[in-house]
Amino acid sequence: MFARKTDDLRVPDFDRPVDGGGTERRDRIVNSASDAKGGALGASMQWDHGYLGASVDTYRNDYGIVAEDDVLIRMRRDKFALAGEWRDLGGPIRSVRARLQATDYQHQEVEGTGEVGTTFKNKGSDGRLEFEHAPLGDLKGVFGLQAEHARFEALGEEAFVPSTTSDQLALFAHEELKLQGASRLSFGARVERHRIESEGDAGAADPKFGDALSRRYTAGSAAVGGVWDLAPAFGSGWQLNGNLTYTERAPTNYELFANGVHIATAAFERGDAELGKEKGSNLDLALEWKSGHDRLRAGAFVSNFSNYIALLRTGEPDFVNDEGEAFPVYAFQGVKARLSGFELEGAWRVLEGARTVDLEAQLDAVRATNRSTGEPLPRIAPLRVKIGAAYGLEGWTLRGEVVRAQKQDRVPDDDEPTAGYTLINLALSKRLAWDGNDALFFVKLDNLTDRLAYNAGSVATVRDLAPLPGRSLSAGLRVAF
Numbered sequence: 291m292f293a294r295k296t297d298d299l300r301v302p303d304f305d306r307p308v309d310g311g312g313t314e315r316r317d318r319i320v321n322s323a324s325d326a327k328g329g330a331l332g333a334s335m336q337w338d339h340g341y342l343g344a345s346v347d348t349y350r351n352d353y354g355i356v357a358e359d360d361v362l363i364r365m366r367r368d369k370f371a372l373a374g375e376w377r378d379l380g381g382p383i384r385s386v387r388a389r390l391q392a393t394d395y396q397h398q399e400v401e402g403t404g405e406v407g408t409t410f411k412n413k414g415s416d417g418r419l420e421f422e423h424a425p426l427g428d429l430k431g432v433f434g435l436q437a438e439h440a441r442f443e444a445l446g447e448e449a450f451v452p453s454t455t456s457d458q459l460a461l462f463a464h465e466e467l468k469l470q471g472a473s474r475l476s477f478g479a480r481v482e483r484h485r486i487e488s489e490g491d492a493g494a495a496d497p498k499f500g501d502a503l504s505r506r507y508t509a510g511s512a513a514v515g516g517v518w519d520l521a522p523a524f525g526s527g528w529q530l531n532g533n534l535t536y537t538e539r540a541p542t543n544y545e546l547f548a549n550g551v552h553i554a555t556a557a558f559e560r561g562d563a564e565l566g567k568e569k570g571s572n573l574d575l576a577l578e579w580k581s582g583h584d585r586l587r588a589g590a591f592v593s594n595f596s597n598y599i600a601l602l603r604t605g606e607p608d609f610v611n612d613e614g615e616a617f618p619v620y621a622f623q624g625v626k627a628r629l630s631g632f633e634l635e636g637a638w639r640v641l642e643g644a645r646t647v648d649l650e651a652q653l654d655a656v657r658a659t660n661r662s663t664g665e666p667l668p669r670i671a672p673l674r675v676k677i678g679a680a681y682g683l684e685g686w687t688l689r690g691e692v693v694r695a696q697k698q699d700r701v702p703d704d705d706e707p708t709a710g711y712t713l714i715n716l717a718l719s720k721r722l723a724w725d726g727n728d729a730l731f732f733v734k735l736d737n738l739t740d741r742l743a744y745n746a747g748s749v750a751t752v753r754d755l756a757p758l759p760g761r762s763l764s765a766g767l768r769v770a771f
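Count the sequence shown with the numbering used here and you get residues 291 to 771, in order.
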């Protein structure tokens, strides 16, 4: 169980855009307060050849929308799950695993007057059945099926997506072949059948979604990958990982049918009922080394999409609502795209014994291009560098890190660059035993120097309203039962 309550987040002084143009000086993110609580409970029975378990999970959160000063989101989510496994069956099928889950989600947009403006509901269920076949020599694997059903309802004048029903049925298989030493080869495939039905303007007082409409998709994915033990050539601890994948994804209900102001992004968002499947291929490679507490990793990837579904600004005149508020127009579009990037990381223990000292470093970058226009894709993280050190003594760990994000100026013409920033974070933790259970006590001090920073991955309409948190202190106790 947990409970967490925050006031509006404190940030270094910044110029917050206001309606009608201009800015105002602020030291807090307006309407960013939240009040969250939740918990989970589970139980299981185990026997020699399997188990059967059940769990319930609940979550409540009342939080503000930074793009609307007087709107509160009242959210609740309840989840129930069953899972079981039957092992050692003999014959061609060695084990069977099953999972069933039901989720009930709702959030209400509460106006400053206390009235509920719009209610969003999403009730869904999904099940998965997985079979592990007997080994075929050094080949091991599983196959199975998965089914999902979801009923989404949007009730109220400010709904920007119509009520929809979604169904999905998928078949999948994954195999792994053991090679020499620790090397192995894996491959898998998945085919999915999707149906998404929109009710359109059925019963709507303000028609904006059109007639009822149904879309169907068949999406397929395949992957081959491997782990190669390089010990014979490079020494102990070295390995090379690689994966080549082809994926297809059916559009979501909002990518297809959205047509209205989305208060969370302060933008008018428009879907496209004629969108095709998202299609792309990806290649990633990583060279890794590990020896005790020391490790190194160098990885790179490249993804090419013949159809990448992105939320892009259209360049149309702003949409103006009945209150005279203007909202930029964005649309979900399928474009050709290429994404590539790399990551370097390492950790070294420089002092071993009663006292320990560890050094850590990480560097990563992503480059994303809309190949249909030649422009960069929006909302991409900049090059980031992190350097840290940790000192350990008798279960206590003192950790410090410096995080540097470069300026992100590789943006489309309708976006603005995001300034770079440097943050310093500190943390103190203690591992201990609590009534026979493992526990971790921690205190964290983030953004020690109280630097003003913005997230390049945020939608432009919200980015300037919500800087990253300023100097903040948090403490907690985490117990594993």
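Cβ atoms here follow ideal geometry from the backbone N, Cα and C, with glycine treated the same way.
Counting along the chain, where does the beta strand (DSSP E) carrying residue i start and finish?
| i | result |
| --- | --- |
| Arg753 | Note, Arg753: premise wrong, no beta strand (DSSP E); alpha helix (DSSP H) at Ala750 to Arg753. |
| Phe558 | Ala557 to Arg560 |
| Pro307 | Arg300 to Pro307 |
| Phe499 | Where Phe499 is concerned, there is no enclosing beta strand (DSSP E), given that its DSSP letter is neither H nor E. |
| Phe292 | Phe292 to Thr296 |
| Val459 | Val is not the amino acid found at residue 459; the sequence shown has Leu there. Taken as a continuous stretch (DSSP letters only), the beta strand (DSSP E) holding Leu459 covers Thr454 to Lys468. |
| Asn531 | Trp528 to Arg539 |
| Asp574 | Glu568 to Ser581 |
| Tyr331 | The sequence as given places Leu at residue 331; Tyr does not occur at that position. Where Leu331 is concerned, the enclosing beta strand (DSSP E) stretches over Ser324 to Trp337. |
| Gly766 | Ser762 to Ala770 |
How about residue i and residue j: are their beta carbons less than 8 Å apart?
| i | j | result |
| --- | --- | --- |
| Pro668 | Phe304 | no |
| His423 | Ile383 | yes |
| Arg603 | Asp704 | yes |
| Arg306 | Gly328 | no |
| Pro637 | Asp584 | For the sequence presented, residue 637 should be read as Ala rather than Pro. Going by C-beta atoms, Ala637 is nearer than 8 Å to Asp584. |
| Phe462 | Arg483 | no |
| Leu767 | Leu735 | no |
| Pro797 | Ala655 | Absent from the structure is residue 797, since the part of the chain shown begins at 291 and ends at 771. |
| Ser581 | Ser526 | yes |
| Phe617 | Val692 | no |
| Ala729 | Val675 | no |
| Gly516 | Gly532 | yes |
| Ile319 | Val361 | no |
| Ala344 | Ala333 | yes |
| Thr409 | Leu445 | yes |
| Ala765 | Val733 | yes |
| Asn321 | Asp359 | yes |
Please list, in chain order, all residues of the same chain as residue i whose beta carbon is under 7 Å from its beta carbon, the five residues on each side excluded.
| i | result |
| --- | --- |
| Tyr536 | Ser511, Ala512 and Ser571 |
| Ser662 | Val625 and Lys626 |
| Gly380 | none |
| Thr296 | Ala323 and Ser324 |
| Arg846 | Because the chain in this structure spans residues 291 to 771, residue 846 falls outside the shown range and cannot be described. |
| Ala563 | Leu503, Arg505, Leu546 and Phe547 |
| Asp740 | Pro302, Gly760 and Arg761 |
| Arg474 | Glu466, Leu467, Lys468, Gly516 and Val517 |
Where does the unbroken alpha helix (DSSP H) through residue i begin, and where does it stop?
| i | result |
| --- | --- |
| Leu546 | Asn543 to Phe547 |
| Ala479 | It is not in any alpha helix (DSSP H) - Ala479 instead sits in the beta strand (DSSP E) that spans Arg474 to Ser488. |
| Ala444 | It is not in any alpha helix (DSSP H) - Ala444 instead sits in the beta strand (DSSP E) that spans Leu429 to Gly446. |
| Phe287 | Residue 287 falls outside the range modelled here, since the chain spans only 291 to 771, and no answer is possible. |
What residues in its chain sit with their C-beta under 6 Å from that of residue i, if we drop five residues either side in the sequence?
| i | result |
| --- | --- |
| Arg753 | Tyr744 |
| Ala644 | none |
| Arg485 | Asp457 and Arg506 |
| Leu688 | Tyr681 and Leu718 |
| Val647 | Val640, Leu641 and Tyr681 |
| Pro672 | Ala695, Gln696, Gln698 and Ala746 |
| Lys369 | Asp347 and Thr393 |
| Leu577 | Leu530 and Ala588 |
| Ala750 | Asp705 |
| Arg418 | Arg389 and Gln436 |
| Phe558 | Val551, Phe609, Phe617 and Val619 |
| Met291 | Gly329 |
Residue i: which of the options sits nearest, CA to CA?
| i | options | result |
| --- | --- | --- |
| Gly431 | Thr403, Glu466, Val400 and Glu443 | Glu466 |
| Pro541 | Ala521, Lys567 and Val406 | Lys567 |
| Phe499 | Arg366, Ser415, His464 and Tyr544 | Tyr544 |
| Leu426 | Lys468, Leu573, Asp728 and Glu420 | Lys468 |
| Asn737 | Ile714, Leu722 and Phe731 | Ile714 |
| Arg539 | Ala509, Ala556 and Asn549 | Ala509 |
| Tyr711 | Glu314, Leu683, Leu742 and Ala600 | Leu742 |
| Val701 | Asp725, Gly664 and Asn611 | Gly664 |
Spatial neighbours of residue i within its chain, please: CB distance less than 8 Å, with the 5 preceding and 5 following residues excluded, ordered by chain position.
| i | result |
| --- | --- |
| Gln470 | Asp519 |
| Leu615 | Correcting the residue identity first, residue 615 is Glu in this sequence and not Leu. Correct list, in chain order: Asp309. |
Write down every uninterrupted run of the beta strand (DSSP E) in the segment 604 to 692 whose length is 3 residues or greater and which is fully enclosed by it, in chain order. 619 to 641, 645 to 660 and 674 to 683
Please give me, in chain order, every unbroken run of the alpha helix (DSSP H) with length at least 4 that falls completely inside the segment 346 to 378. none
Report the start-end ranges of each beta strand (DSSP E) in the segment 712 to 750 that is 3 residues or longer and not cut off at the edges. Within the segment 712 to 750, the complete beta strand (DSSP E) runs of at least 3 residues are 727 to 736.
Which complete alpha helix (DSSP H) runs does the segment 377 to 407 hold, if anything under 4 residues is left out? The segment 377 to 407 contains no whole alpha helix (DSSP H) run of 4 or more residues.
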